[in-house]
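Protein chains in written order, with the UniProt record's numbering: chain A, 1 to 211; chain B, 1 to 211; chain C, 1 to 211; chain D, 1 to 211; chain E, 1 to 211; chain F, 1 to 211.
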């Protein structure tokens, strides 16, 4: 029906909760997560630029803002399912791109289709902007899980999320923005008082110093 | 860790919403849905028995109560994804059974493992109890979508759900309980006053009389 | 109007919260509680059977699944009210059965009335299945209150609930399933880390060893 | 422990929902209801005073503000239960006053006990202030049910509430404030546009003109 | 349109959350806050009266019950904005009174306008009742922030609220009711067990003993 | 404390509801609104570019994404308050920029301060990107109010919002993107069936054809 459908779809992203199936003190929707990731990517982009690296800002914003729009079509497929086998992962990617293309062809007017194809394809590529998106996505997960741990959530799943996210970020530690995060932002997470603080700090430490 | 983990998992089913991504006036969790399906299956079982058919009640309750427990492991995979290709469907089924087996082997003590394997495998088989489960699952979806339509939800998706569910139920219309539902329960849905009543009734009618 | 009313009533059970009037991090509805109790009863039934005792599975599922349906008619009457005097308790039981009978006679078709009378009467009788229901109902309350204590709920009421529930369960400790619970499941509640863990464990200990 | 317990109890009234078991677009807690009834009673008191009747404002505010505080002790006992027999009603009233007295004796310091006894006893007596409380309590129920009907709630229960409340108010139609409400406030409820408006207006009309 | 609009406005107060922008375990609406403040003011009024001071109960109830009704017109203006400069504060007060007068002139019938003008003007004046309102408003904020601290809320903002509120209350410590609160009620807040108890008690101590 | 505070502030934007004080079927937070406005601005930017106009994409994304971040400092000041007098509006703008500068100076490291100053200042300037932001902000309000009207919200306030927003958008109708919206997107809002559809369409019509 046209771009009306694209706008209506934003509504859907406001009603999909992140990490369904776990008790959380504070819910985050896919819409709010997308906003957060774009803001965090902007912050990381600043750091890169100040460090002398060139940022393609249009691509950075575009990638981060739209990176989860397609959850509207495929839903939230859990990580253990998605990554079960290489074959399954490829098949799911095929289904995702076919559902997405279907939406683009039926709802998006011809003259805009290329733009939406680009926006709804995998943004986490090898460009600097793609790497920043990978980091920003995980950095938001660090803050989501940190928020739960800090409020006293007894579920182990949030410590796992924190750990996995930090490990992924560390893989990008050739980036100036990752170096900055580890050195100047991360330590602030352990400044307030909360019951699991020391444990959390040790977890972070162990990841960062090993290797 | 043992059966403690099985009980804790019930908590998860209370925090997974059905049909994420659509605005709903009234949310239903997987836990509540499971309760509803077991109650509806019991009602359908009554009808079959009164009609002279033998019900294996243990199997009927067991199948209906546990039919969505494994959503805890695989999450909510959207229908268009699940059914995209025959191959993908089989692969997802494999992943589901492997995650489920993994849970059973790690958490369920040996002496109970066979029972949980049976309960967590596909319950919608060709037995009368399996067929009743298929009908009860869709009948609950009819009531979920009916509740939204009746409250004035403008999204077309609930009319589609209603339609698809009724079509599936109709496929089982050799069952005494389906005949009873269509003749004696369904008409009551159109008795109250609400704005889309006539449209909904026509939709139901068209499905039931065609063929 | 027929069985339509019975199904609509399931909706009501999804909107009645357990223990209204106390702040809780996680709400539980009567529908979710009913699902949980049926799952827990199934687990206890397994244990009994493996221990060599015969279970009437139809009765066990039926009792546990339906044990709170009548809350729809009478609402949540607080324990201190219900148990104030023997006379009042009997009178309230009379009103409950009269409201329930009223529903059955007006809404349930004749041929099914006996079944609903059985299901909506007191299920906690002296049969093995009745005893398991008593235990399962309290075991769920243990997990509900445990969930709050573990998340840091400062209200004393949840410690009281935990205590009362464990005391009631202990009264049934001739059952194989209760022995199993105390020996093999309960200790897992004290394995994670949370601020009141030691206090809670002591409370449990004091109940179990006294006498 | 003293007045600290009285203040903490206000928290409880913020977590008890009115009319549990019915789907509502907008929830009202007992705390919010108490605020509303006191505001409405104040409005009705104005009308009486302007009409030349003397109001004991201390009593009017005290009665309306505190009229549901004891729900904290006894919970929400449904009308059909409460009014089943005269005997039961008296017994429940006894339990309520015994639980309330218990609270007063254990928590409220001696020098304030008489005040709380007065505030927590039945306020709907034959004084003008008692009558205004009766009217204000029902008038709030009229607005609660009106809010649901106006938003399209398909449940018949809200039309029943509206009807019962208006009937009760009508019984007090010797009061200047009731006359004013019927003549100058009620008609405004039917001014906006909503689907059941005409039906609702007819319901009101039928009650007001009969007899 | 008349008093109908006044009653409808109560609905609005039920949908305005206190302190938007901070994560809270338990939300409080302006309606619930108004109820709480009126109950607390009543409690403080008792203490004053028992101490031999005369209370104008009509004024005390009227002031406390209505003190935040005008938030409906002006919304929640944050403290740092409101108090930025003396000039801005006066201008905002002018806008508030102009919006309020506008409502009174358009919606409230002539014969009641004076009453609403009095109720919607600043209640925190130099009368004993005005002072009690100032104390009750802060005392409720103490309980709101205490509730969060006690449940483990890691945000510093609630400790600040607690501190600021206690400081303000202390300024009124010539009042018998404030003396009573500090001596007989406040110590009960530190009786239960929760992680920040000692810190909170020290904060209170430091405020009360300095000077 | 550095950029940690900037990220934590995103949390706040997830807990501020838009338009507090009005009953809504679906809540929107400031975080979700920011996401939506950035997505809509991107869509409008596409239309401009396809129409041959040059877009500074960095500025367009930056403006739209960050346009409400400062609500965190100043809260939600209602339109009638904000626009009461020219003088007040200027004073509030001064306070906003002083609170914002305060945050930037205390929390944002020196090397990034200029960027945040630009992002947190008024984005709705006379550049094409500034105009698109003005349109996108109102277009989102059109969809928010449309969502309520379509679901049957009886409050007149949403019709007012719809009307005011469309009037503002019309002022920018020299823009290619506004022409496109009016011609190709707006008509789709009136395609589904809902009770106030004809009234809403007439409202839109009257605005668009007058003058």
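No residue lacks a Cβ here, since even glycine has one placed at the ideal position from N, Cα and C.
- Closest in alpha carbon position to residue 72 of chain D, among D:57, D:9 and D:92, is D:9.
- Contact check for residue 162 of chain C against residue 131 of chain C fails: the beta carbons are separated by 8 Å or more.
- DSSP places residue 62 of chain A in the uninterrupted alpha helix (DSSP H) bounded by 57-66.
- Leaving aside the five residues that flank residue 31 of chain A on each side, the residues in its chain whose CB is nearer than 6 Å to its CB run, in chain order, 13 and 14.
- In this structure, residue 65 of chain F sits away from residue 185 of chain A, with a CB-CB distance that is not shorter than 8 Å.
- For residue 151 of chain F, the chain B residues whose Cβ falls inside 9 Å of its Cβ are 23, 25, 151, 152, 153 and 154, in order along the chain.
- For residue 40 of chain B, the enclosing alpha helix (DSSP H) begins and ends at 30-50.
- With contacts defined as CB atoms closer than 8 Å, residue 154 of chain D and residue 151 of chain B qualify as a contacting pair.
- By the rule that beta-carbons nearer than 8 Å mark a contact, residue 104 of chain A does not touch chain B.
- At the C-beta level, residue 166 of chain B and residue 136 of chain B stay beyond 8 Å of one another.
- Between the C-alpha atoms of residue 141 of chain B and residue 11 of chain A there is a straight-line separation of about 22 Å.
- Contact between the segment 46-63 of chain C and the segment 176-196 of chain C is present: three or more C-beta pairs spanning the two stretches fall below 8 Å.
- Neighbours of residue 192 of chain B across chain D, judged by C-beta separation under 8 Å: 154 and 156.
- Sequence-distant partners of residue 25 of chain E (beyond 5 residues in either direction) whose C-beta falls short of 7 Å from its own C-beta, in its chain, are 148, 151 and 153.
- If the five residues before and after residue 93 of chain B are omitted, its C-beta is found closer than 6 Å to no C-beta atom of its own chain.
- If one requires a minimum length of 4 residues, the alpha helix (DSSP H) runs lying completely within the segment 104-158 of chain E are 113-120 and 128-150, in chain order.
- The alpha carbon of residue 117 of chain D has as its nearest neighbour, out of D:126, D:101, D:111 and D:193, the alpha carbon of D:101.
- Put simply, the CB of residue 195 of chain B is near chain F, with a gap under 8 Å to one of its CB atoms.
- Distances from the CA of residue 114 of chain C to each of B:197, B:46, B:158 and B:35 were compared; the closest alpha carbon is that of B:46.
- Nearest to residue 5 of chain F by alpha-carbon distance, out of A:63, A:55, A:187 and A:21, is A:187.
- With respect to the C-alpha of residue 67 of chain F, the residue from F:79, F:37, F:54 and F:90 having the closest C-alpha is F:37.
- In the DSSP assignment, residue 17 of chain B is bridged to B:29.
- A check of alpha carbon separations from residue 128 of chain E across E:89, E:110, E:174 and E:90 identifies E:174 as the nearest.
- In the DSSP annotation of this structure, the continuous segment of the alpha helix (DSSP H) that includes residue 82 of chain C starts and ends at 79-82.
- At a Cβ-Cβ threshold of 8 Å, residue 20 of chain E and residue 75 of chain F count as neighbours.
- At a beta-carbon threshold of 7 Å, the residues of chain B lying near residue 115 of chain C are 46, ordered along the chain.
- The beta-carbon of residue 119 of chain F is placed no less than 8 Å from the nearest beta-carbon of chain E.
- Residue 201 of chain C has a beta carbon lying at 8 Å or more from every beta carbon in chain B.
- DSSP places residue 168 of chain A within a helical segment (H, G or I) once states are collapsed to three.
- Under the three-state reduction of DSSP, residue 97 of chain C is assigned to helix.
- A distance below 8 Å separates the beta carbons of residue 144 of chain E and residue 18 of chain E.
- Closest by C-alpha distance to residue 209 of chain C, out of C:199, C:170, C:198 and C:192, is C:170.
- Between residue 133 of chain E and residue 41 of chain E, the C-beta spacing is below 8 Å.
- Using beta-carbon distances, residue 210 of chain D does not count as an interface residue toward chain E, since no partner is under 8 Å.
- The DSSP-derived three-state label of residue 175 of chain B is coil.
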